[in-house]
Amino acid sequence: MFRRNEGNGEHIMQFEEEWVKAEPIVHSLLYQRPVTPAAWQDLFYHVYKITSWVTDGPQKIRNILTSNIDRYVWEANNRIRSLQTDESLLKAYIKEWNRFYRQASILPLPFKKIDESTQPKRRSVSDVSDDSIRSVMLEKWNMTIFVNISDNLLGEALRLVKEERDGNIIDSDNVIGIRESFVALNDKIGEDPLQVYRHAFERNFIEQTSEYYNKICGQLLNEMGVLEYMVYADKKLEEEQLRAQRYLEFSSPTAGKHMEKAVIALVENFEDTILAECSKLIAQRDVERLQRLYRLIRRTRSGIETVLKCIDTHIRTEGLNDMRNNADSLATDPEKYVQQLLLMFDKFSSLVREGFCDDARLLTARDQAFSSVVNDCSIFKTELFNKKGRAVSVESKCAELLANYCDLLLRKTQLSKKLTSDEIDEKLGQVLLVLKYVDNKDVFMRFHRAHLSRRLILEMSADQEKEEMMVTKLRECGMPSDAVNKLSRMLQDIELNKDMNSSFKKALTGTNNNKSVADSINLKVLNGGAWGRGGSEKVRFSLPRELEEFVPEMEAFYKKQHNGRKLCWMHHWSSGTMVFGTASGGRFDLEITTFQMAVLFCFNDRAHEKISLETLRLATELPDAELNRTLLSLVAYPKMRSQILVCDVQSPNIMTRDFTDSTKFFINHSFHLVKNGKVQQRGKVNLIGRLQLSLEPNTEKEHESIVALREFRVQEGIVKILKTRKTIDLDQLKKELGEILKPLFTPNKKLIKEQIDWLLDNNYMTRGPDMNTFMRKYLEMRFFLLLSSVLLEVFYAQPDLNPIHQLCQPCILGANAVKSTNKLPTVKEAEKKTCNTILNNDLVCNGAIEVAGIYLNWTPAEKICENFLMCSSATADKKRMRAPARAAKRPDELAMRVMAVFDTDEFPAFPVRSSRQSGFNYNITEAEDLEKFFREQSVEVNAVIQQFIERFQVALQVYLNGITSK
């Protein structure tokens, strides 16, 4: 109660006198009559006064409010039940429900304090029951009205849904109201709030959907045909999707079953019939119907697999047919070939994008099918032979043609001249797009590197920035870093040569005071490891006297600039420009190779005489094959009607086999050019073509090199995989090996088997208890890698190579540590003590000398022998060490084998790799400390070194026997 002073007396507030002020407002809210804002605020005030000052006020309010709600619900029940038909019953119910449900959210607001005060303070979750005013309202409605007529209401609601499916217009609010009743009237705390909704409304709704479509779809398919039925099914699924959003509770975990049942009834029951149209629609490129088919099939559980097969078959078949129909023109024109591939790719991509909405699964199928077209060997193929002349692989010619197309874009050609810079960038990007699908990327890199060599040497690059950009793009698209680094080094060499040429010309001008001669010479000093050309390509050749005088001057100049480096002249890479005059006053600038220049210089003093082939051979000292090719390019150059030289061979199509020692050659003094049907007496003629600088004369050797390097890569991959685990089975090994080699090529089963057998035979791996399980032989492989470090240093042509420091890791670590300290009076003393320690083991010494003699060129081998002689005082040792160096040969394929297979991080102290650094914690302050350190380490590993050297000597003897037999 509420007590207050009135004059001399007190007034106690009674519940009745305060509630009588609030009750009209409550009635107005219940019966949806207007309530002013002031009255709404007064209701809050009255409820607050009662709950605060009236004894047991909250419970009294709850009791009287419940009574008012009960009276209102019964009145609504009477209004609803007065109607007889289910249709009118549903309409009346929805009308009353909407009014009541709206007020069930508004009326409880002023009475929140009552809910708080009448609820127990602490209850467990299982004991919680929602006794709020809103819950009381909904419970009264449920028990009084809804429970008694819910079946009638549900049946009428489902009837309305069926009418809507039949195409009639209904009031969807009636169905929504029934759904809301099932959800809201069974929302109990601690229970599953949607249990009644799912078992009553949702289950019946889903069952009706399934029954409805199962009944009519088969008949409609027969009447309409497949294509029209697809229109119907697509439309109905969209309708059912919207219907589910309107009529079903989205928070129900089983709401998705509705669409599953609809898809089964509309699509999956006739899936085979619908999919039978897929291939036809793809072939006809009927995008609209394909979109419809895709929208239907993507909802099914397995239908998309058939679509993937149809796409795959279509792309393979149509792609190969297009290539086969244009095979004659595409095989000889890289531009047309690449454009044809791009045209097909755009066409297939457009099909997937427009017909299948760029579905990731369809894009994957497109990539796989297009890759099979690109790598198909039935139309454009090339055979790879090993060094025994046996074909080991038949592959697509795509990689070679892509490299040729890149050459057309990057070289000074008619194509590159007519394209803008942006267009060239776009086309190079297209090349990389196709390259992504090429399996034999290593072949592309080989040909691209050869073309780049030719462009740089002949200064035929259209744009140096484009060359650098291409190298960057190759790196970004995942090409092997070692191959890309070599390309980058090639470009770097060209830039460095600009400064060197400037310095050499200044030195030459100062020495001979002949500026014109200095300006006519442009020299290129190239790194042998990056450019990939070894001494095996050198050709015996007598330089013309006009050029011979510059060779010693260049060598002397270069030795001053770089002490210890060796120059190896590659005359077959050289070229120049010669001025050629004719009897009629013609004057032509001939761009020719050095070999062509040597032949033409022979006619300088005998311009009107005939010179025999034998005389030219003696003058130039060129091998017969090289001389014949050079002469053929001067007497039968296919792009000219008039030739520089004429011979006495009587044949319309002169071949090199037509030349004999007595064949006479002489200058064509009536030489001329024909342009647009007119004779030209002046002009520039390029006779270099692809002579000596392309892959064509050495295709077989290149193929052998590719096959050999692939063998090395497979061996390398197997070794890397075995390093990461103790054992591995054959299937897993093949899988991981394929992933490792994917950026280069895809190894076939035969190649993998051969290399596994090779590693097994050479004791680098062994089989486990199971024949299909393999294990690594760690100790033997460790010291084979040790020797490999020596061969790798040779391969990278390090001028200061000292294999003493490469023989074992402790030695190189110790030597580097000594060199890095300033405390020692002399480094030479420490090195000498280390060398003497090694020489105490004759077996190790012999192994190092054999490596030097077999795998190095003469000068490095001689230098290594001098290093050994410095450390040894025995005459017998000197004789023993010099002998192998006299027969020094360097087989590139063996050095490449070691590089490819064993270039690992097992021994990170190799000086050739500046990025690989090893710490050294041994305290060395004097030369004796290094000797002591090495002796301590050698005791531990000496036995294994001996086993390793013995095995290496056997392998070495096998190789030497092979050289002798050749």
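Per my numbering, the very first residue in the sequence shown carries number 10; after that it's consecutive. Cβ coordinates follow ideal geometry from the N, Cα and C atoms, glycine included.
**Message:** So, at 6 Å on beta carbons, what are the nonlocal neighbours of E745 in its own chain, with the 5 sequence-adjacent residues on each side left out?
**Reply:** Position 736 of the sequence shown, counted from the first residue, corresponds to residue 745. These residues qualify, in order along the chain: I730.
**Request:** Pull up the CB-CB distance for L625 and F674, whole angstroms please, since I reckon it's below 8 Å.
**Result:** Here residue 625 refers to the residue found at position 616 when the sequence shown is read from its first residue. Here residue 674 refers to the residue found at position 665 when the sequence shown is read from its first residue. Contact holds; Cβ gap of about 7 Å.
**Prompt:** Between the Cα of V276 and the Cα atoms of E258, G227 and D295, which residue gives the shortest distance?
**Reply:** One-based indexing of the sequence shown puts residue 276 at position 267. Nearest C-alpha to V276: G227.
**Item:** Simplified DSSP state of D979, which is helix, strand or coil
**Value:** Examination of residue 979 is not possible in this model, given that the chain is present from 10 through 975 alone.
**Prompt:** Can the beta-carbon of M239 be found closer than 9 Å to that of R298?
**Reply:** On the sequence shown, residue 239 is found 230 positions in, with the first residue counted as 1. On the sequence shown, residue 298 is found 289 positions in, with the first residue counted as 1. Yes, the pair counts as a contact, with Cβ atoms nearer than the cut-off.
**Request:** Please go through the region 352-399 and give each complete beta strand (DSSP E) segment of 3 or more residues, from N-terminal end onward.
**Result:** 390-394
**Request:** Could you spell out where the alpha helix (DSSP H) holding S425 opens and where it closes?
**Result:** On the sequence shown, residue 425 is found 416 positions in, with the first residue counted as 1. Per DSSP, S425 belongs to the alpha helix (DSSP H) from Q423 to K427.
**Message:** Can you tell me whether K751 is helix, strand or coil according to DSSP?
**Reply:** Sequence index remark: in the sequence shown, residue 751 carries index 742 (1-based). K751 falls in the coil class under three-state DSSP.
**Request:** Identify every residue that forms a DSSP beta bridge with N413.
**Result:** Here residue 413 is taken as the residue at index 404 of the sequence shown, counted from 1. Answer is none; N413 lacks a bridge partner.
**Item:** Supposed close pair F978, S405 - CB separation, criterion 8 Å
**Value:** Outside the modelled stretch of the chain, which goes from 10 to 975, sits residue 978, for which no answer is possible.
**Request:** Answer with buried or exposed for R776, where buried requires no fewer than 16 other C-beta atoms within 10 angstroms of its C-beta.
**Result:** Here residue 776 is taken as the residue at index 767 of the sequence shown, counted from 1. Exposed, because fewer than 16 other Cβ atoms sit within 10 Å of the Cβ of R776.
**Message:** Measuring CB atoms only, is the region 638-654 touching the region 676-686, in the sense that at least three cross pairs come out at less than 8 Å?
**Reply:** yes
**Request:** Confirm, please, whether the CB-CB distance from L419 to L442 is below 9 Å.
**Result:** Working through the sequence shown from its first residue, we reach residue 442 at position 433. Working through the sequence shown from its first residue, we reach residue 419 at position 410. For L442 and L419, no; Cβs fall outside 9 Å.
**Asked** Skipping 5 residues on each side, what residues in its chain have a beta carbon closer than 8 Å to that of I601?
**Response** Position 592 of the sequence shown, counted from the start, is the residue given in the question as residue 601. S584, G585, T586, M587, L609, L696 and I697.
**Item:** Own chain partners of L552 with C-beta closer than 8 Å, once the 5 adjacent residues on each side are dropped
**Value:** Indexing the sequence shown from 1 puts residue 552 at position 543. V560, H580, T603 and A607, listed in sequence order.
**Asked** Is E789 helix, strand or coil by DSSP?
**Response** Here residue 789 refers to the residue found at position 780 when the sequence shown is read from its first residue. With a pLDDT of 41 at E789, under the threshold of 50, the predicted position of this residue should be treated as unreliable, though the coordinate-derived value follows. Here E789 sits in helix by DSSP.
**Prompt:** Within the chosen definition, does the region 288-307 reach the region 354-371 through at least 3 CB pairs nearer than 8 Å?
**Reply:** yes
**Message:** Rounded to whole angstroms, what is the Cα-Cα separation between L305 and L229?
**Reply:** Position 296 of the sequence shown, counted from the first residue, corresponds to residue 305. Position 220 of the sequence shown, counted from the first residue, corresponds to residue 229. The straight-line gap from Cα to Cα measures roughly 16 Å.
**Message:** Comparing C-alpha positions only, which one of N151, D281, A592 and F783 sits nearest to G312?
**Reply:** For this step, residue 312 is matched to residue 303 along the sequence shown. G312 has its Cα closest to that of D281, out of N151, D281, A592 and F783.
**Message:** Measuring only the C-alpha atoms, how far is D598 from V694?
**Reply:** Mapped onto the sequence shown, residue 598 falls at position 589. Mapped onto the sequence shown, residue 694 falls at position 685. Whole-angstrom Cα-Cα distance: 6 Å.
**Asked** Between L465 and the rest of its own chain, which residues show a CB-CB distance below 7 Å, the 5 nearest in sequence each way excluded?
**Response** Counted from its first residue, the sequence shown places residue 465 at position 456. Contacts found: M499 and I503.
**Prompt:** With a CB to CB cut of under 7 Å and the five nearest residues on each side skipped, what residues in its chain are close to C287?
**Reply:** Within the sequence shown, the letter at position 278 stands for residue 287. Cβ neighbours of C287 beyond the five flanking positions: L302, T315, V316 and C319.
**Message:** I'd like to know whether the C-beta atoms of A378 and T422 end up nearer to each other than 9 Å.
**Reply:** Walking along the sequence shown from the start, residue 378 turns up at place 369. Walking along the sequence shown from the start, residue 422 turns up at place 413. Cβ distance not < 9 Å, so A378 and T422 don't count as in contact.
**Asked** In chain order, what residues of the same chain lie with their CB nearer than 7 Å to the CB of L344, ignoring the 5 residues before and after it?
**Response** Residue mapping note: residue 344 aligns to position 335 of the sequence shown, counting from 1. Correcting the residue identity first, residue 344 is Glu in this sequence and not Leu. Only Y414, L417 and L424 meet the Cβ criterion.
**Prompt:** By Cβ distance below 8 Å, which residues in the same chain neighbour T204 in space, the five residues on each side in sequence not counted?
**Reply:** Here residue 204 is taken as the residue at index 195 of the sequence shown, counted from 1. The residue asked about is misnamed: residue 204 is Gln in this sequence, not Thr. Excluding sequence neighbours, Q204 sits near N195.
**Nearest residue (CA-CA) to K743, options K758, C656 and E165** = Numbered from its first residue, the sequence shown carries residue 743 at position 734. Comparing Cα-Cα distances from K743 to each of K758, C656 and E165, the minimum goes to K758.
**Request:** Look at L257 and R188 and say whether their C-beta atoms are less than 9 Å apart.
**Result:** Here residue 257 refers to the residue found at position 248 of the sequence shown. Here residue 188 refers to the residue found at position 179 of the sequence shown. Closer than 9 Å, so yes.
**Request:** Could you check if E25 is buried or exposed, using at least 16 other CB atoms within 10 Å of its CB as the buried criterion?
**Result:** For the purposes of this step, residue 25 is identified with residue 16 of the sequence shown, where counting begins at 1. That one is exposed.
**Item:** Proximity of G537 and C577 at Cβ, strictly below 9 Å
**Value:** Mapped onto the sequence shown, residue 537 falls at position 528. Mapped onto the sequence shown, residue 577 falls at position 568. Against a cut-off of 9 Å, the Cβ pair of C577 and G537 comes out as a contact.
**Prompt:** To the nearest angstrom, how far is it from the Cα of E1025 to the Cα of L360?
**Reply:** The displayed coordinates of the chain run from 10 to 975. Any statement about residue 1025 would go beyond what the structure contains.
**Item:** Selection from K514, V440 and V347 that minimises the alpha carbon distance to K482
**Value:** The residue labelled residue 482 in the question sits at position 473 within the sequence shown. Per the Cα distances, V440.
**Request:** Go ahead and label W582 buried or exposed: buried means 16 or more other beta carbons lie within 10 angstroms of its beta carbon, across all protein chains shown.
**Result:** Here residue 582 refers to the residue found at position 573 of the sequence shown. W582 comes out buried.
**Prompt:** Residues in its own chain within less than 7 Å of A271 by CB, not counting five upstream and five downstream?
**Reply:** On the sequence shown, position 262 is the one that residue 271 refers to. Closer than 7 Å at Cβ, skipping near neighbours: T218, Y222, L246 and E249.
**Request:** Mind checking who K684 pairs with in its DSSP beta bridge?
**Result:** For this step, residue 684 is matched to residue 675 along the sequence shown. Beta-bridge pairing links K684 to K687.
**Request:** Could you tell me which of N213, L284 and I273 sits nearest to V235, measuring between CA atoms?
**Result:** Position 226 of the sequence shown, counted from the start, is the residue given in the question as residue 235. When each option's Cα is compared against that of V235, the closest is L284.
**Item:** C287 (DSSP reduced to helix, strand or coil)
**Value:** Here residue 287 refers to the residue found at position 278 of the sequence shown. Residue state, collapsed to three classes: helix.
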